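Just so we're aligned, residue 1 is where the sequence shown starts under UniProt numbering, counting upward by one.
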Amino acid sequence: ISGNESFWNELSPGTLLVFSFYTLGVSHANIAKELGITIRASEDRIKPVKRKIKRNYESFDSFRISCISKGKIMSLIDIIREFYCVK
Numbered sequence: 001i002s003g004n005e006s007f008w009n010e011l012s013p014g015t016l017l018v019f020s021f022y023t024l025g026v027s028h029a030n031i032a033k034e035l036g037i038t039i040r041a042s043e044d045r046i047k048p049v050k051r052k053i054k055r056n057y058e059s060f061d062s063f064r065i066s067c068i069s070k071g072k073i074m075s076l077i078d079i080i081r082e083f084y085c086v087k
């Protein structure tokens, strides 16, 4: 997971979108509303991802900070912008 982008390439498009929103701090309730899925579906999509992250980072916030400091956060924003068809 320390190579974030290669890790993200392993995720399905739906999981990657949920993961992107979640990593940026969006709640599961709001993710579900935006994507037209249930809160449970949002939570379930990223459970395996969070387990992997937990093995390599002290907390999910530590992972978020790593994404920010390495400039990877922009990739997540681009994924969400693509979902909304924003260039």
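In this text, a Cβ means the ideal position worked out from N, Cα and C, and glycines have one as well. As the structure is a computational prediction, the values presented were derived from the model and not from experiment.
Backbone CA spacing between residue i and residue j [nearest angstrom]
| i | j | result |
| --- | --- | --- |
| F19 | I68 | 15 Å |
| R40 | T15 | 13 Å |
| I31 | K70 | 25 Å |
| L24 | M74 | 10 Å |
| D44 | I37 | 11 Å |
| Y22 | W8 | 13 Å |
| F63 | P13 | 20 Å |
| E34 | I79 | 14 Å |
Chain C contact for residue i (CB, 8 Å cutoff)
| i | result |
| --- | --- |
| S27 | Protein chain content of the structure displayed is limited to a single chain, and chain C is not contained in it. |
As assigned by DSSP and simplified to three states, the class of residue i
| i | result |
| --- | --- |
| V18 | helix |
| I53 | helix |
| L24 | coil |
| C85 | coil |
| S12 | coil |
| S59 | coil |
Nearest-angstrom Cβ-Cβ length linking residue i and residue j, presumed shorter than 8 Å
| i | j | result |
| --- | --- | --- |
| V49 | L17 | Contact doesn't hold; Cβ gap of about 12 Å is too wide. |
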